[in-house]
Amino acid sequence: MKYIYKLIVAIAVMLTISCADDLERLPLDQLVEETTFTSNANFEAFAWGFYSAFNPFDLGHVNQDWNSDLLVSSTNFNGQDWLHQRIIVPASSDDYTIPYNRIRRANIMLRNVDNPVLTETQQKHWKSVALFFRSVAYFELLQKYGGVIWVEELIGEDSELLQAPRDSRDLVASNILRDLNYAVDNINEDGSGDNSVDTDVVNAFLSRFALFEGTWRKYHNLDGAEAYLRASATASEAVMDGKSITGTYDELFNSDNLKSNSNVLLYREHVDQVLIHALTSRHRNSAGNWDLTKKAADMYLFKNGTPVGANPDFVGGAMLERDPYTEFRDRDERMLVTIVPPFRIKRNVGGNQRAWDFHDDPKHREYIDKLPNIVGNTTKQLPSSNWTGFLVGTSPHYRDFNEGHGFNVTRTGYKSFKYYNQLNTGRQNNDLSDAPVFRLGEVLLNYAEAKFELGEFNQSIADQTISPLRARGGVAPLDIAVIPDDPRRDSSIDPILWEIRRERAIELMFEGDYRWQDLRRWKKMDYAAEKKLGRWIVAAEYNNRLPVDGDAAEGYISYWPTPPSFPDHYYLFPIPSNELLLNPNLVQNPGW
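Take any residue in the sequence shown, count from 1 to its spot, add 37: that is its number in this note's numbering.
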């Protein structure tokens, strides 16, 4: 049974509950218990209502990485509120209330799981599913607020918990770990069918959560880091067992069927006119405001494994940096499917906006010819086009110096290409590509980082984790005995850890809020408190319409102001003021 079908079933069950409520006039919780939890199939239908928590292609989710150092909004010249200290204490916030709504739903299921209609094995499975999704919700709260009120039972309007003080970060984190360990041991190994939460999915989430918590504790000077790092490593090993990196990088994000992809552990299935998204369309129209920064582009290694900062012809507008063709040449192939590569064509051939021919200068076809060998299919091609199929004539295609049309444009010169595909040309905001929720690549990165933080990273682990990901991009393996010097390395970071973190940035580039959360847990938001820049240009070649940093005649494109130093109290979110008014025993996070 497919993901989308199960979501529809869950919605139908809730609609049935609503109708029955009108007829019987029973309290909602009582009605759920009396009409929903009557068979194993009904437990399954109720559980599929949890899966809406996973929506990786949600535009609000992917926009979060504008708060990092590697992504920038091409239309927001004032910079992000988190980086420019414009956050105020909100009266209310979905960041706080939605996770608690999901926790309540999980607790409803937990209250009913000791049900004689289920076998002991089924009881343990559905308890594990509910604990897993409750842990997902509590992790969202933990990431943002630190310690919060822990609720293990379904509460009513007169519950003392409504006036409870915040529980400590230690309690919340340890309870999440406890619950996930139970789920690992008791969930059905294969879940409840295709594309459902199973042992691998629980371990993948445990790998993610425990790495976050372990490194947060280490870098924010809290006790107890090692236990979480060990848990992350153990969970990662369980997922990695018997698996290897296969297929292309691009197919993870631009396939209309991830079911057969062995590297994807759980995905959100999209189906025409039923469950769709708009992320691809935004890559193919004027509303796509995702640009990568110069820093992001420079993260990608040359194929021989050396960083661009070590190449004297790639620094400060030297030869390789001036020409986009040389800038992209011999680089990690993931760069070519994450940033629109350079090209130029003859467009509107015969007056047809969908017809084209190669430019007279053969240099302009280099990446048009190369891309098919990298993606292995025809869903991502050059020249790029908008959602109607009208062609873009050149890349970089600048918003303020374009060919007379405003689609597929960039301000930094590094336009996002990651979710661009041609699966549904002719239809806008009706995108069908499936969205990976948990995948092997992230687990490998979690394992590498956890083992380093435990002091246990060695060449064998590098060969298991970093090198296979590099190999998919055509990059030489990581040799920890001979790491090329990177002049741009943060001197406070060990060279091996720097390469692990670089690989994480590249592999997870523009995938939700990974980078923002990484900078927060490493306490390295000072990386984002730097001016965001674009590619090197000569201003006169663009009629001085593209601003250059420092108003120089040539240099890096610069539209955005330099953020101030990132304050410590911004590492945690402010608790909404309405919550403080409703519960006087809540205490606001320091500094807000």
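Backbone N, C-alpha and C fix where the C-beta goes; we use that ideal spot for every residue, glycine too.
Handout entry: ASP58, DSSP secondary structure in three states
Key = Low confidence applies here, because ASP58 scores a pLDDT of 34, under 50, leaving its location unreliable; read the following figure in that light. ASP58: helix per DSSP, three-state reduction.
Practice task
Indicate whether the contact test is met: 3 or more Cβ pairs, each with one atom in the segment 313-328 and one in the segment 444-457, closer than 8 Å.
Solution key: yes
Exercise for the section: Take every Cβ of the segment 548-565, pair it with every Cβ of the segment 99-115, and state whether three or more of those distances are shorter than 8 Å. Expected result: Contact holds: three or more Cβ-Cβ distances are below 8 Å.
Problem - Where the alpha helix (DSSP H) through LYS407 begins and ends - result: 403-412
Practice task
Would you check if the distance between the CB atom of ILE520 and the CB atom of PRO532 is smaller than 8 Å?
Solution key: yes
Problem - ILE520 (DSSP reduced to helix, strand or coil) - result: coil
Exercise for the section: In the DSSP assignment, find the unbroken beta strand (DSSP E) run with VAL575 in it and report its ends. Expected result: The continuous beta strand (DSSP E) containing VAL575 extends over residues 573-575.
Handout entry: Segment limits, beta strand (DSSP E) that includes LEU329
Key = Note, LEU329: beta strand (DSSP E), 327-329.
Exercise for the section: Output the boundary residues of the alpha helix (DSSP H) element that contains LYS488. Expected result: 477-490
Practice task
Output the boundary residues of the beta strand (DSSP E) element that contains TRP553.
Solution key: No beta strand (DSSP E) holds TRP553; the alpha helix (DSSP H) holding it covers 551-558.
Practice task
Report the option in ARG139, GLY450, VAL238, GLY184 whose CA atom is closest to the CA atom of LEU191.
Solution key: ARG139
Handout entry: Inter-stretch contact at 8 Å, needing at least 3 Cβ pairs: the segment 332-351 / the segment 486-502
Key = no
Practice task
Please determine if the segment 277-293 and the segment 410-420 are in contact, where contact requires at least 3 C-beta pairs separated by less than 8 Å.
Solution key: yes
Problem - Reduced DSSP category for ILE186 - H, G, I as helix; E, B as strand; rest coil - result: coil
Practice task
Go to TYR256, then tell me how far its alpha helix (DSSP H) extends in each direction, as first and last residue.
Solution key: Its alpha helix (DSSP H) spans residues 236-256.
Exercise for the section: Could you tell me which residues DSSP puts in a beta bridge with GLY592? Expected result: ILE574
Problem - Neighbourhood of LEU19 by C-beta, 8 Å cutoff - its chain only, sequence neighbours within 5 removed - result: Outside the shown range of the chain, which is 38 to 629, sits residue 19, and nothing can be said about it.
Practice task
Sort out for me which residues DSSP pairs PRO473 with in a bridge.
Solution key: Bridge partners of PRO473: TYR304.
Handout entry: Cβ-Cβ distance between ASP204 and ILE186 below 8 Å
Key = yes
Exercise for the section: Determine the contact status of TYR593 and ALA270, defining contact as a CB-CB distance below 8 Å. Expected result: no
Exercise for the section: Measure the C-alpha to C-alpha separation of GLY511 and GLU370 and round it to an integer number of angstroms. Expected result: In a straight line, the C-alpha of GLY511 is about 6 Å away from that of GLU370.
Exercise for the section: Flag THR317 as yes when its Cβ comes closer than 7 Å to any non-hydrogen atom of the ligand NAP, and as no otherwise. Expected result: Within the structure as shown, the ligand NAP is missing, as the structure has no ligands at all.
Problem - DSSP beta-bridge partners of HIS314 - result: ASP468
Handout entry: Straight-line gap, ILE546 to ARG509 (C-alpha atoms, nearest Å)
Key = Residue identity check: residue 546 is Met in the sequence provided, not Ile. Their backbone Cα atoms lie some 15 Å apart in a straight line.
Practice task
Tell me whether the beta-carbon of TRP424 lies closer than 8 Å to the beta-carbon of ARG321.
Solution key: yes
Handout entry: Terminal residues of the alpha helix (DSSP H) in which LEU357 lies
Key = 356-359
Exercise for the section: Identify whether ARG368 lies in helix, strand or coil by the three-state DSSP scheme. Expected result: strand
Exercise for the section: Taking SER24 as the reference, give the member of ASP437, ARG572, ILE405 with the closest Cα. Expected result: For residue 24 there is no data in the structure shown, the boundaries of the chain being 38 and 629.
Problem - For TYR435, the three-state DSSP class (helix, strand or coil) - result: strand
Practice task
Give me the Cα-Cα distance between LEU477 and ASN113, rounded to the nearest whole angstrom.
Solution key: 34 Å
Exercise for the section: Give the straight-line distance between the Cα atoms of ASN662 and VAL429, rounded to the nearest whole angstrom. Expected result: This structure gives no information on residue 662, because the portion of the chain shown stretches from 38 to 629.
Practice task
Check each candidate in GLY450, PRO378, GLU306, PRO601 and name the one with the smallest Cα separation from PRO584.
Solution key: Looking from the CA of PRO584, the closest CA among GLY450, PRO378, GLU306, PRO601 belongs to GLY450.
Practice task
Under 8 Å by Cβ, that's how I've got ALA220 and VAL276 pegged, so tell me the actual separation to the nearest angstrom.
Solution key: Not really, about 14 Å apart at Cβ, beyond 8 Å.
Exercise for the section: Rounded to whole angstroms, what's the CA-CA distance from GLY230 to GLN117? Just pull it up for me. Expected result: Between the alpha carbons of GLY230 and GLN117 lies a gap of roughly 42 Å.
Practice task
Locate the beta strand (DSSP E) running through ILE382, then write down its first and last residues.
Solution key: 380-384
Practice task
Assess, as a yes-or-no matter, whether the segment 431-441 is touched by the segment 291-299 under the definition of 3 or more beta carbon pairs within less than 8 Å.
Solution key: no
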